[in-house]
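Order-wise, the sequence lines are chains A and B. At position 62 of the first sequence (counting the first as 1) the number is 62 in the numbering used here, and the numbers step up by one without a gap. At position 30 of the second sequence (counting the first as 1) the number is 241 in the numbering used here, and the numbers step up by one without a gap. What follows is a single structure, written as structure tokens, with notes after it.
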Amino acid sequence: MNERIKTHVEGLFAGSPQTPKILDLKEELLANLNSKYDDLLTGGFTPDDAYRTVIAGIGDISELVRQIQNESAFNSHYPMKEKKKSALFVAIAVGLYIISPMCVVVFDDPGILMMFALIAAATGLLIYNGMTRPRYVKEDETIVEEFKQWKSESSEKRHLRRSISSVLWPLIVVIYLAFSFYFGAWAFSWIIFIIGVFVEGVIKLIFDLKE
Amino acid sequence: MSITSDLLRGHTDTIILNRLLHKDSYGYEINKSIQEKTDNRYELKEATLYSAFRRLEEAGMITSYWGDETTGARRRYYCATALGRQVYLKNKEDWEETKEIIDQLLKEEEQ
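Written out as structure tokens, the structure reads:
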């Protein structure tokens, strides 16, 4: 590994964000430049001449780097920031579900209202999260891209169904716990789960019929 | 040379696909074989080469993978897909035709 080449390449990438794709390009470029450098030395070049020839052969990579940067900003399906936001929403919602039955235990009767308020908030968060996640962004005007976007749009319904489904089961667990705690009805409250399966089946049926 | 480069530039993708027809290869090896094949008359800039790789990969004409070199740095290898081979053959056909037409047009008639 030639240090001068490395320094030069580092300079070319200075100011670019360290996304995986940029780092890959840098690694690929360095490996190839070093092979070339070694070949030139074997071919009788002085280290200085070899270095200059290698550097001169790179050309202008700024356009390429810019393209990759733009791509990671728009594409990559869900940018990192969005992913983090999405994970946070889900974590908060799950947390709310978990602590919601505690209200009943701690505050008794008024606790039920609080519990349902928390459940409503958590459910709202999950649905909001499911609906606002960015979908496929068209990269250029090719037919392939249009097809991908079309596919992504037609799966919007499926998207909604998944959101509902992901909300349904935590909700059923919460209802089960609340119901059982409140009425002390552990003996037969398990039937709620069977109702849950039924409800999910009905939702699936409704969506399938619509499509 | 600069004029030649302009004419050649439109065929960069086809030239690279040609190099990948028979074996997977990496950037420097491809460029070196281009240089050798043309007796040092033509060589791609690194920037041109990687832009072409990216374009071809996005179009599904090549795929890439990292090699597992035991010594030295990792290398990214490229491999032509079935689509890549198809496009190559089509481009080659187009070129043959273009070449013929230009040859015909530029031929000076004997007076």
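Built from N, CA and C at the ideal position, the CB exists for glycine as well.
**Boundaries of the alpha helix (DSSP H) in which residue 244 of chain B is found, first to last residue** = Start and end: 238–248.
**Request:** Note the first and the last residue of the continuous beta strand (DSSP E) segment covering residue 287 of chain B.
**Result:** 287–291
**Request:** Have a look at the DSSP bridge pairing and note the partners of residue 275 of chain B.
**Result:** Per DSSP, B/289.
**Prompt:** Which term fits residue 264 of chain B, buried or exposed, when burial requires 16 or more other beta carbons within 10 angstroms of its beta carbon?
**Reply:** When all chains shown are included, residue 264 of chain B counts as buried.
**Within 9 angstroms of chain A by C-beta, residues of the stretch 219–240 of chain B in sequence order** = Going along the stretch 219–240 of chain B in chain order, one finds 237, 238, 239 and 240 with a Cβ nearer than 9 angstroms to chain A.
**Prompt:** For the stretch 247–259 of chain B against the stretch 271–281 of chain B, are there 3 or more C-beta pairs whose distance is under 8 angstroms?
**Reply:** No, because fewer than three Cβ pairs between the stretch 247–259 of chain B and the stretch 271–281 of chain B fall closer than 8 angstroms, the two stretches do not touch.
**Request:** Please report how far the alpha carbon of residue 224 of chain B lies from the alpha carbon of residue 39 of chain A, in whole angstroms.
**Result:** 25 angstroms
**Buried versus exposed, by CB contacts within 10 Å (16 or more), residue 162 of chain A** = exposed
**Asked** What residues in the stretch 23–40 of chain A bring their beta carbon closer than 8 angstroms to a beta carbon of chain B?
**Response** 24, 25, 27, 28, 29, 30, 31, 32, 33, 34, 35, 36 and 39
**Request:** Give the straight-line distance between the Cα atoms of residue 279 of chain B and residue 26 of chain A, rounded to the nearest whole angstrom.
**Result:** 17 angstroms
**Request:** Jot down the residue ranges of each uninterrupted alpha helix (DSSP H) in the stretch 178–204 of chain A, minimum 4 residues, whole runs only, in chain order.
**Result:** List check, alpha helix (DSSP H) in window: nothing returned.
**Request:** Report yes or no: is there a C-beta of chain B within less than 7 angstroms of the C-beta of residue 58 of chain A?
**Result:** yes
**Touch test, the stretch 292–305 of chain B against the stretch 33–48 of chain A, Cβ-Cβ under 8 angstroms, three pairs minimum** = no
**Where the alpha helix (DSSP H) containing residue 38 of chain A begins and where it ends** = Counting along the chain, the alpha helix (DSSP H) containing residue 38 of chain A begins and ends at 20–42.
**Request:** Taking all protein chains shown into account, decide if residue 216 of chain B is buried (16 or more other Cβ within 10 angstroms of its Cβ) or exposed.
**Result:** exposed
**Message:** residue 101 of chain A and residue 178 of chain A - do their beta-carbons sit closer together than 7 angstroms?
**Reply:** Yes. Within cutoff.
**Prompt:** Given 8 angstroms as the limit, is there contact between the stretch 231–248 of chain B and the stretch 29–39 of chain A, that is, 3 or more CB pairs closer than that?
**Reply:** yes
**Request:** Scan the stretch 79–95 of chain A for residues whose Cβ lies nearer than 8 angstroms to a Cβ of chain B and list them as they occur along the chain.
**Result:** none
**Asked** What is the rounded straight-line gap between the Cα of residue 70 of chain A and the Cα of residue 36 of chain A?
**Response** 30 angstroms
**Request:** Determine the burial state of residue 231 of chain B: buried for a count of at least 16 other Cβ atoms within 10 Å of its Cβ, exposed for fewer.
**Result:** Residue 231 of chain B is buried by the Cβ-count criterion.
**Prompt:** So what does DSSP say about residue 281 of chain B, is it helix, strand or coil?
**Reply:** coil
**Prompt:** Between which two residues does the alpha helix (DSSP H) carrying residue 225 of chain B extend?
**Reply:** That run of the alpha helix (DSSP H) goes 223–230.
**Asked** What's the gap between the Cα of residue 105 of chain A and the Cα of residue 114 of chain A?
**Response** 11 angstroms
**Asked** With a CB to CB cut of under 8 angstroms and the five nearest residues on each side skipped, what residues in its chain are close to residue 306 of chain B?
**Response** 222 and 225
**Request:** Could you check the C-alpha separation between residue 261 of chain B and residue 50 of chain A for me, to the nearest Å?
**Result:** Cα to Cα, residue 261 of chain B sits roughly 21 angstroms from residue 50 of chain A.
**Message:** Less than 7 angstroms between CB atoms is the rule here; does residue 291 of chain B satisfy it with respect to chain A?
**Reply:** no
**Asked** Mind checking if residue 257 of chain B is an interface residue toward chain A, Cβ cutoff 7 angstroms exclusive?
**Response** yes
**Message:** Just to confirm before moving on: does the CB-CB distance between residue 99 of chain A and residue 174 of chain A stay below 7 angstroms?
**Reply:** no
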